[in-house]
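Read through the structure below, which is laid out as structure tokens, and then see the notes.
Number of protein chains: 2
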Amino acid sequence: MVTHIASRRNELLKETARLVRSAEERRAQGLFVVEGARLCFDAFRSCIPVERLFYVPQAEEKYREYLQPLQKWAKETYTLEPHAAELLSATKTSQGVYAVCRLPALLPAEKAPVQGKYLAAENIQDPGNLGAMMRTGEALGISGLFLLGKCCDPFSPKVLRAGMGAVFRLPLYEAPVFSEAAPKLHSTGFTTFAAVPDASAEKVTQCAFPQGAVLLVGNEGNGLLPETIGACSRRVTIPMAGRAESLNAASSSAILMWEMMRE
Amino acid sequence: MVTHIASRRNELLKETARLVRSAEERRAQGLFVVEGARLCFDAFRSCIPVERLFYVPQAEEKYREYLQPLQKWAKETYTLEPHAAELLSATKTSQGVYAVCRLPALLPAEKAPVQGKYLAAENIQDPGNLGAMMRTGEALGISGLFLLGKCCDPFSPKVLRAGMGAVFRLPLYEAPVFSEAAPKLHSTGFTTFAAVPDASAEKVTQCAFPQGAVLLVGNEGNGLLPETIGACSRRVTIPMAGRAESLNAASSSAILMWEMMRE
Chain B
1 MVTHIASRRN ELLKETARLV RSAEERRAQG LFVVEGARLC FDAFRSCIPV ERLFYVPQAE
61 EKYREYLQPL QKWAKETYTL EPHAAELLSA TKTSQGVYAV CRLPALLPAE KAPVQGKYLA
121 AENIQDPGNL GAMMRTGEAL GISGLFLLGK CCDPFSPKVL RAGMGAVFRL PLYEAPVFSE
181 AAPKLHSTGF TTFAAVPDAS AEKVTQCAFP QGAVLLVGNE GNGLLPETIG ACSRRVTIPM
241 AGRAESLNAA SSSAILMWEM MRE
Chain Z
1 MVTHIASRRN ELLKETARLV RSAEERRAQG LFVVEGARLC FDAFRSCIPV ERLFYVPQAE
61 EKYREYLQPL QKWAKETYTL EPHAAELLSA TKTSQGVYAV CRLPALLPAE KAPVQGKYLA
121 AENIQDPGNL GAMMRTGEAL GISGLFLLGK CCDPFSPKVL RAGMGAVFRL PLYEAPVFSE
181 AAPKLHSTGF TTFAAVPDAS AEKVTQCAFP QGAVLLVGNE GNGLLPETIG ACSRRVTIPM
241 AGRAESLNAA SSSAILMWEM MRE
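If you read the sequences in order, they're chains B and Z. Everything in the first sequence is counted per my numbering, starting at 1 for the first residue and increasing by one. Everything in the second sequence is counted per my numbering, starting at 1 for the first residue and increasing by one.
Written as structure tokens, this is what we have:
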């Protein structure tokens, strides 16, 4: 059964709009909103539970191949008047398709399988960077992402868009204070590598990353916390001819992951 | 001598605002606008001619170390009322510092020195991608960037910001139709490499890039034009365990340039 929502004052719509704007609201409701036909379809393909599907009538014809399986997968389906749909949109040119998905639980970092190689992002603030790291990490075949410290919310509209659905497929783990989690990680069999702009560190080109390797990259402006670097097993750096300090977080992660995964 | 502009209707201000918004206007006037104290200072350090410097009085104290050399370097200096300065801003939180710089001439691609290695970007549409490619390219020490086809304007506010001033330091060349420019490039001594998602191409990990190497990457959605690929000396690809199709233009360029520059 499909219910039609014509008013911007509809309570369910307003509740859903809050999920688009606020990370606290997402955590409180345990839900997040995916925008765009392809990305919603990706959520379905990745078996992410879809609580509610919203779309404008105009989208039904245009995105039929994406919407049909979603209509069966979603617990509830609603059509929206375009002016009401605007409330849910975080983009300028919206397709008018939205899925309210169940927020996956983030396991503690030490629960990650040791058979694998991981990226760990500490205090990454820019949604575009976090999304790009996930997208590139998935493309290169990493086993998951550790979120350290206070990163931006991986389920915000901007990260979802920049990540192109990688967040549905890449297992996420968390460690709010890495220096406290490190002893457990090391005793479980992980080897942690702090990425640092320091010529005295191991060159990433000469470094063999074992199974259970975790590559840590830090905040855009400040890099990794000193206590995080101190708690890591090893330190790696990107040897460069050019202006090393000018590599951004997403590009340096791409190069470091590439080297980690190439073996 | 510093002139104060208090009105948003000031003709010079309106003329400058058009430079912020329009690539055609930038080409017509031969000028572009740099926003932000640090980026304006970068333009000065890179000896880019600054025709006009604008700043709000509040910025003078805060960004003194950046503004002082700029005040000497700029041909003309103006202070702006904050509500007038908004006309020039392309960001939400502006520092209120702007430099109107002379647009460098883009040389034809075949004029680039053969001693060097280059990135060539074809029909790149996203300013964030083009900026990131320049920033990463500069960091890795490439000799310049070739702009092929119709890329977004490298002197737009968004590209300038994403590039973190790389556009001031990285020589730019152009070739509107690569397949027509290719014979000249090859006879000058360049070797051109088309980056393609094709397992039958040379693996970038096994490919030696000679001096005069030009690495071509294509549009975000469509890759390189077929005739461009056909006109290249060689084809390279990124061998990957993960989902290759998911690497974005900036990340795949970072990995490809990293491999080109590592020798």
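Beta carbons are placed, not taken as given, at the ideal position from N, Cα and C, and that holds for glycine. Predicted model, so just to flag it, every value in this text is computed and none were measured.
Paired residues, beta bridge with residue i - DSSP
i	result
B:K203	B:T237
B:T192	B:V214
B:I5	B:L80
B:E35	B:Y98
Z:Y66	DSSP, once it has assigned bridges, lists no residue as partnering Z:Y66.
Z:F44	In the DSSP output, where bridge partners are listed per residue, Z:F44 has none listed.
Z:L53	Z:T77 and Z:A99
Z:F146	Z:A120 and Z:Y173
Z:L107	Z:Y173
Z:N219	Z:G223
7 Å Cβ cut-off: residues of chain B touching residue i
i	result
Z:T136	L247 and S251
Neighbour flag for residue i against chain Z, beta carbons, 7 Å
i	result
B:I255	yes
B:W258	yes
Cβ-Cβ distance between residue i and residue j below 7 Å
i	j	result
Z:L247	Z:A195	no
B:Q68	B:T77	no
Z:V266	Z:F178	This structure cannot speak to residue 266 of chain Z, because chain Z is shown only from 1 to 263.
Z:F168	Z:D42	yes
B:L39	B:A120	no
Z:V204	Z:E259	yes
B:A254	Z:S251	yes
B:G116	B:S143	yes
B:T285	B:H4	In this structure chain B extends from 1 to 263, so residue 285 of chain B is not present and cannot be described.
Z:V97	Z:V33	no
Z:Y173	Z:A109	yes
Z:V214	Z:F190	yes
Z:P127	Z:C151	no
B:L53	B:A85	no
Z:F146	Z:A175	yes
B:L88	B:G30	no
B:A231	B:A182	yes
B:P6	B:E61	One detail in the question is off: residue 6 of chain B reads as Ala in this sequence, not Pro. No, the Cβ-Cβ distance between B:A6 and B:E61 is not below 7 Å.
Cross-chain neighbours of residue i in chain Z, by beta carbon under 9 Å
i	result
B:T205	R262
Residue i: contacting residues in chain Z (beta-carbon distance under 8 Å)
i	result
B:A132	N248, A250 and S251
Chain-ordered chain B contacts of residue i [CB-CB under 9 Å]
i	result
Z:G128	G128
Contacts that residue i makes with chain Z (C-beta to C-beta distance below 7 Å)
i	result
B:M164	S246
Residue i Cβ short of 6 Å to the ligand FAD heavy atom set
i	result
B:S46	Inclusion of the ligand FAD in the displayed structure is not the case, the ligand content being empty and no account of it being possible.
Worksheet item: Would you call the stretch 40–60 of chain Z and the stretch 19–28 of chain Z touching, i.e. three or more CB-CB distances under 8 Å?
Response: no
Item to complete: Mind the definition here: the stretch 6–13 of chain Z touches the stretch 137–151 of chain Z only if three or more C-beta pairs lie below 8 Å; say whether that holds.
Response: no
Practice prompt. Tell me, please, whether the stretch 159–174 of chain B touches the stretch 201–221 of chain B by the rule of three or more beta-carbon pairs shorter than 8 Å.
Written response: no
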